[in-house]
Every structure is written in structure tokens, then in C-alpha cells.
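Protein chains: 2
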Amino acid sequence: MRQEGVGVDLETSLGYLLKEASSALRAAMEEVLRPLGMSVTHYSCLELLAQRPGLSNSELARGAFVTRQTMNVLLQALERDGYVTRPAEAPVGKALPTRLTPRGRRSLEKASAAVRSVEARMLAGLNETEEEDAFRILQSMIHSLRGDNEGA
Amino acid sequence: MRQEGVGVDLETSLGYLLKEASSALRAAMEEVLRPLGMSVTHYSCLELLAQRPGLSNSELARGAFVTRQTMNVLLQALERDGYVTRPAEAPVGKALPTRLTPRGRRSLEKASAAVRSVEARMLAGLNETEEEDAFRILQSMIHSLRGDNEGA
DNA sequence: TGCCTCATGTCAGTATTCTGACATAGGTTG
DNA sequence: CAACCTATGTCAGAATACTGACATGAGGCA
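Chains A and B are the protein sequences, given in the same order. Its first residue numbered 1, the first sequence is counted upward by one per residue in the UniProt record's numbering. Its first residue numbered 1, the second sequence is counted upward by one per residue in the UniProt record's numbering.
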């Protein structure tokens, strides 16, 4: 009923704001991907493969921020439906290099365009300097959170 | 096996970076909350209630970025375990104002401290100006994504 | 060479979240 | 007043992601 515009302290938390922004981005992506019958993870996998052909299941999982088990389930479905291919035998080790099929590439095209338009909308209110600031600041946050701060 | 430092284009995408940062934050939060037997959504719910007592199930859901069905499941568990209380009858409409119990408040204390330390670590590499920039930029992104851009 | 550690792919079970649906309360509008 | 419309709480089922576990291949090291 109420719109709750009070805002106590969560409104000043950058962590909360980060979660809010990420949630808004995900919702916007789902909205444009749904008509294409594609989920966000589904799209992420295809986009990763387009830009870095031959990624293994585990590498795809890390790139899409899911576990390798989750990515494995998705890859099996994508393989079954003819969007990607994996060799039956690993050329080295156990890692199976995955590649997009023409069908996968075609399917990605529309999705990629839709997602890029979402990203463009997200950045609509920012100038170049702000985009650069955002890039640098987000990278710093990631760095700090992961504990890569041993240099001095 | 490989560390994949090449980076093609995803490395320049602010959307991808936002997801990466949010994922890192969530992972860091899970890491410190796990020893306390608390999930991120669990913590979010308690923190919301501490700062805005009397929020309804639907309001909590919006604040924690989940559906009201998901929050309902969580609230029933929290109520069963004595962390929150809800009146049996709605004072007005159907909304049931939820409040923390002393036990819930006590449980939140440690979790809140842990999460605040994570947030502090996240911001360690940033100065005040950068924090303000981040705040303003993230709010702009949220605003644009939600389509609140009808003013001129 | 043998052993140890790590990363990978995969299977199975569990947990979490979501979508769909329904009934009810309150405000709005004719 | 009556007919809507919106918001809410809740139940049920489906989708999604995760944890646990196991076997295998590669590289390091004694």
C-alpha cells in the first residue's frame, strides 16, 4: 500500500545499491530475452562462446558466474538442441572445447542486439567520464572483494 | 587449465562488470554469513525489518529483490523459528506488519557487523569522491533501466 | 617411477526461487 | 451503492541453481 520513500540507511549503502542495480539489469535483460525464449544464463553462455570460441564447461561456468554443474546441465541442453558442439573426446586433459553452431550463432544475433540495447539504455544518463569512472570503480570493488590486495 | 586473460569485449561491457561486481559481493557475503547459518536473503529480510519495522511480506520482497512468494516462504520459516512475529489478523487490509523478536535482533547483530565489514572491504580502494560518484552513477543506471526517464 | 595435488566432466539429490492461480481487502469511479 | 481495479497473502507445481560425490587426466615433486 505505502510506497515507503523514507529510507533509513539502506538507501546510503553502496552494497545495497549495487544489488539493486544488478537486479534491475537482470530484470531488464529477462524482459527482452523472454520473447526470444532465452534465459540470462543461456544468453551469457552463447555470448561467451561467440567471443571466446573453444571455452570449456568450467571456463564458461566461471564466465557466467554459475557452478560448473549448472553450466553442464545447460550445455547438454544446448548441445541436444543444436546450438553448440563439443568433441566426443578431449584433445587434451578432460576439458571439452565448446563451439557455437551456425544455428547457435544465428540465435545469438537477435539476443545480443536486444541485450546491447538494454545496456545502452542503462548508460543513457551518463557521459563518457562517468562511464570511465564506473568502469574503474567497479573493477576496484571486484578486486578488493576478491582479496587481490596484497600489493603495497 | 588456462587463466584466460585475453578478454575480448565482455571486458569492456559495463553490464558484465556490474554482474561481476554483484556476484563478487554476494559470494563475499555468503562466505561471512555461512558460519552464522544465514543466507543472503535471510539476512536481507532481517536487516530490512531492523531498519523499517512493520514492513509487510510484499514490501520485504521488493526490498530484498525477490518475489513475494519467495519472501513468504522465508517469513514462515523465520516466524516458526522465532526470529520475527506477525499478527494473526491484519490491522488494515491484508498486509501483516512484521517485526523482529529479541532473538531476531540478536541474531542480526553479528550478521550485520559481518556484512558491514564486507562492504568496507569492497570500498577500501576508493576515496570519498569515488564513493559519491559510484552512488550517483548506480542510481542513474537504476533509474534508466526502470524507465523513470519521462522528466525533461 | 610413484605419489600427491589440482582441475575437469558428470551424476545424483537438495535447496532455492520463480510462475501460475486463487480468494480477499480497499480504494476508485460510474 | 455497485462494478471495477489494484495490492496482498498464500498454496501448489515447475524451473533453476547449488552442494556433495566420484572418476579421470595433467603436472609437480621426491
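Every residue, glycine too, gets a C-beta built ideally from N, C-alpha and C.
First and last residue of the uninterrupted alpha helix (DSSP H) at residue i
i: P102 (chain A); result: 102 to 122
i: N72 (chain A); result: 68 to 80
i: K19 (chain B); result: 14 to 33
i: E47 (chain A); result: 40 to 51
i: F135 (chain B); result: 128 to 146
DSSP beta-bridge partners of residue i
i: R99 (chain B); result: B:T85
Simplified DSSP assignment, three categories, for residue i
i: L36 (chain B); result: helix
i: A64 (chain A); result: helix
i: S58 (chain A); result: helix
i: A152 (chain B); result: At A152 (chain B), the pLDDT of 35 sits below 50, so the modelled position is not reliable; the number obtained from the coordinates is stated separately. Coil at A152 (chain B), not helix or strand.
i: P91 (chain B); result: coil
Within 8 Å, strictly: CB atoms of residue i and residue j
i: A61 (chain B); j: R52 (chain B); result: no
i: A28 (chain B); j: L75 (chain A); result: no
i: E119 (chain A); j: L14 (chain B); result: yes
i: T98 (chain B); j: L49 (chain B); result: yes
i: R80 (chain B); j: L96 (chain B); result: no
i: I45 (chain B); j: L78 (chain B); result: Per the sequence presented here, residue 45 (chain B) reads as Cys, with Ile not at that position. Cβ atoms of C45 (chain B) and L78 (chain B): closer than 8 Å.
i: Y83 (chain B); j: T70 (chain B); result: no
i: E20 (chain B); j: I137 (chain A); result: no
i: S140 (chain B); j: G125 (chain A); result: yes
i: F135 (chain A); j: L17 (chain B); result: yes
i: A111 (chain B); j: L55 (chain B); result: no
i: Y43 (chain A); j: V92 (chain A); result: no
i: E131 (chain A); j: L123 (chain A); result: yes
i: E30 (chain B); j: V40 (chain B); result: yes
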